[in-house]
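Here the protein sequences come in this chain order: R and P.
Each residue of the first sequence is one higher than the one before, counting from 1 in full-length UniProt numbering.
Each residue of the second sequence is one higher than the one before, counting from 1 in full-length UniProt numbering.
Backbone N, C-alpha and C fix where the C-beta goes; we use that ideal spot for every residue, glycine too.
Below is one structure, written out as structure tokens; comments come after it.
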Amino acid sequence: MQPLLTACEVQGAWSDSAGPQWATLRMERGAKEKNHQLYKPYTNGIIAKDPTSLEEEIKEIRRSGSSKALDNTLEFELSDIFYFCRKGVETIMDDEVTKRFSAEELESWNLLSRTNYNFQYISLRLTVLWGLGVLIRYCFLLPLRIALAFTGISLLVVGTTVVGYLPNGRFKEFLSKHVHLMCYRICVRALTAIITYHDRKNRPRNGGICVANHTSPIDVIILASDGYYAMVGQVHGGLMGVIQRAMVKACPHVWFERSEVKDRHLVAKRLTEHVQDKSKLPILIFPEGTCINNTSVMMFKKGSFEIGATVYPVAIKYDPQFGDAFWNSSKYGMVTYLLRMMTSWAIVCSVWYLPPMTREAEEDAVQFANRVKSAIARQGGLVDLLWDGGLKREKVKDTFKEEQQKLYSKMIVGNHEDRSRS
Amino acid sequence: MGSRSSHAARIPDVDSIRRETGFSQASLLRLYHRFRALDWNEKGYLSRVDLQQIGALAVNPLGDRIIDSFFPDGSLHLDFPGFVRVLARFRPVDDEDNGNRDPKEPEPLNSRMNKLRFAFQLYDLDRDGKISRQEMLQVLRLMVGVQVTEEQLESIADRTVQEADEDGDGAVSFLEFAKSLEKMNIEQKMSIRILK
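Listed below in structure tokens is the structure:
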């Protein structure tokens, strides 16, 4: 592990000396020389938006269009359509959800071709540097990391199987915890993940549920290398399946068959059973249900918040400068994704353990979930969205459209009733 | 891995699109990125379903009507020039458009008349150039959902058509529509500014 550690320090020093900014400055200069427009990613959205409500906007539109005295008999006007029209086209140009499912755009280039938007403004010097980077990443770092990953995974499978043969008891638990921890730590090194943990005093305890925002499958390794957790998930085939079966021999994880996942009551029942047993480790859950690109937090599914256990929220924020950790599952499979991870410079992230939360008497599960989500978003500096991350696969519910329709109807019909009475 | 280079040269016919729509190169690049993000399975064109997947559009009561205006004449594929041509109508009007305009050239896509025409098309479902009372009712129904009774809606539709209809044919033509909105600051209400 020694060579990797020094490599990390070197990378750290390089970044501190404004390496990435230098690369971008070179490109900007090159672009200016050739008098071209440089594409600059704009992280806050591409159009100017007014945050006014439906009622205000429509009143504005009517006021600007009519010379009639503005009294209370406002009914439907032909111009009302402009509001919906413009709002609709605005969402076609830029909406809050679609951009969360592609990798975050960087302000300055980090010498990885995958994050580059201006390939042709690269001077010779920059290309050489990039080539050097490729050489280092693929020929030096990658083999080291693959070797480590291999070691980590095999140790995990073998170690947990061996521990599984022991009789149940304190010794077995102790051994299993440490086998898990050791293997996760090796895997963390395999990805060169540089993790900063904050507020470790708030780490999850037995009988609780740990919830975190989800960016990639690596989140699991990052959290589990600093604490002991019971995993929850679907049973997979192939290598994952082997790992899962081995792990569950050593300590009780909660794995569901594909058919069981749909049955929400069954899921809730098993989770509740696990949580009520104080000797079992805290459960690790990602309530978003899907990977988001780490610029926002989307709707938390309420299932885990109905159980009634103490929730330990955790915020994970990756620094995209050294390597983008977001798993775009529609674009890359798992193996391609892991290879991309292992050929980035490093995975740098911060983990914040937030103080535990419990559901209050007047809150329902959805409100509790939103409260936890806001706390996580605030801590990680992420945008707090109400949209469901599952939107990319399913259509949005009609209830949201009805809300809009209700608001609008009140404007035109509420006044109509006044008229008919007079 | 492939470089996701999106330099303007990658956009086919970028110069003719620029001339037709009046968008700056930077804006076109942004819209091209957006087009490719919406085309998540990389077909090279957009279908209705791709636009319907935008959550915020699906909850807009006129969402389907707006999507229809991108697919004129029953076409099923929307390519990038078509995409930008519709969005060009929402380009803010700047003074240089009107100042240097050669009267022989066709009207710019984002002129006041063209913006009005876009809104008119949202009402005029069968594209016959007139908004009939029936079409007015249908659009009203989209905007209010189930919140309003049929009678109330009918009286609103009647009143609106009557007020705007000048030649007494029971329908609102485009010129009547434009006349009833002549005082409206359309240029501002139907403009979306793309940030540089």
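Anyone know if the C-beta pair for residue 215 (chain R) and residue 293 (chain R) falls short of 9 Å?
yes
Leaving out five residues before and five after residue 300 (chain R) in sequence, what residues of the same chain have Cβ atoms less than 6 Å from its Cβ?
287, 369 and 373
Using only the alpha-carbon positions, how far apart do residue 185 (chain P) and residue 14 (chain P) sit?
In this structure, the straight-line span from the alpha carbon of residue 185 (chain P) to that of residue 14 (chain P) is close to 31 Å.
Residue-chain proximity (residue 72 (chain P), chain R), Cβ-Cβ < 9 Å:
no
Span separating the alpha-carbon of residue 141 (chain R) from that of residue 66 (chain P)
51 Å
So is residue 277 (chain R) in contact with chain P if we call contact Cβ pairs under 9 Å?
False, the Cβ-Cβ gap to chain P never drops below 9 Å.
Taking 8 Å as the threshold, find out whether the stretch 73–89 of chain R comes into contact with the stretch 29–45 of chain P through three or more Cβ pairs.
no
At which residues does the alpha helix (DSSP H) containing residue 130 (chain P) begin and terminate?
No alpha helix (DSSP H) holds residue 130 (chain P); the beta strand (DSSP E) holding it covers 130–132.
Go through the stretch 234–309 of chain R residue by residue and report every complete run of the beta strand (DSSP E) that reaches 3 residues or more, in order.
254–256 and 283–285
Whose CA, out of R:266, R:161 and R:338, lies closest to the CA of residue 251 (chain R)?
R:161
Look up residue 119 (chain P) in the DSSP assignment and give the residues it is bridged to.
None, per the DSSP bridge assignment.
Counting beta carbon pairs with one atom in the stretch 313–323 of chain R and one in the stretch 225–232 of chain R, are three or more of them shorter than 8 Å?
no
Fully enclosed by the stretch 129–185 of chain P, which alpha helix (DSSP H) runs are 4 residues long or longer?
133–144, 150–164 and 174–180
Out of R:275, R:90, R:97 and R:180, which one is the CA nearest neighbour of residue 385 (chain R)?
Here the closest residue by C-alpha is R:97.
Roughly how many angstroms lie between the CA atoms of residue 151 (chain P) and residue 157 (chain P), to the nearest whole one?
10 Å
Please confirm whether residue 92 (chain R) and residue 87 (chain P) have their CB atoms less than 9 Å apart.
yes
Check whether residue 154 (chain P) and residue 137 (chain P) have beta carbons under 9 Å apart:
yes
For residue 316 (chain R), write down the residues that DSSP places opposite it in a beta bridge.
R:351
Report the option in R:341, R:46, R:100 and R:197 whose CA atom is closest to the CA atom of residue 112 (chain R).
R:341
Let's test the definition: count the other Cβ atoms within 10 Å of the Cβ of residue 27 (chain P) and tell me whether it reaches 16, buried, or not, exposed.
buried
Would you report the Cα separation of residue 61 (chain P) and residue 323 (chain R), rounded to the nearest angstrom?
41 Å
Does the beta-carbon of residue 388 (chain R) have 16 or more other beta-carbons within 10 angstroms, so that it is buried, or is it exposed?
buried
Compare the C-beta of residue 30 (chain P) with all C-beta atoms of chain R and state if any pair is closer than 9 Å.
It does; some Cβ of chain R falls within 9 Å.
How big is the Cα-Cα spacing for residue 400 (chain R) and residue 150 (chain R)?
48 Å
Exposure of residue 408 (chain R), with buried meaning 16 or more beta-carbon neighbours within 10 Å
buried
Check whether chain P comes within 9 Å of residue 88 (chain R), counting only Cβ atoms and requiring the distance to be less than that.
At a cut-off of 9 Å, the C-beta of residue 88 (chain R) has a neighbouring C-beta in chain P.
Which class does residue 78 (chain P) belong to by DSSP, given the choice of helix, strand or coil?
strand
Inter-residue Cα distance where the pair is residue 120 (chain P) and residue 262 (chain R):
Residue 120 (chain P) and residue 262 (chain R) have their C-alpha atoms roughly 46 Å apart.
So is residue 143 (chain P) in contact with chain R if we call contact Cβ pairs under 9 Å?
yes
Name the DSSP bridge partner or partners of residue 169 (chain R)?
Bridge partners of residue 169 (chain R): none, in fact.
What in chain R is Cβ-close to residue 148 (chain P), meaning under 8 Å?
409, 412 and 413, listed in chain order.
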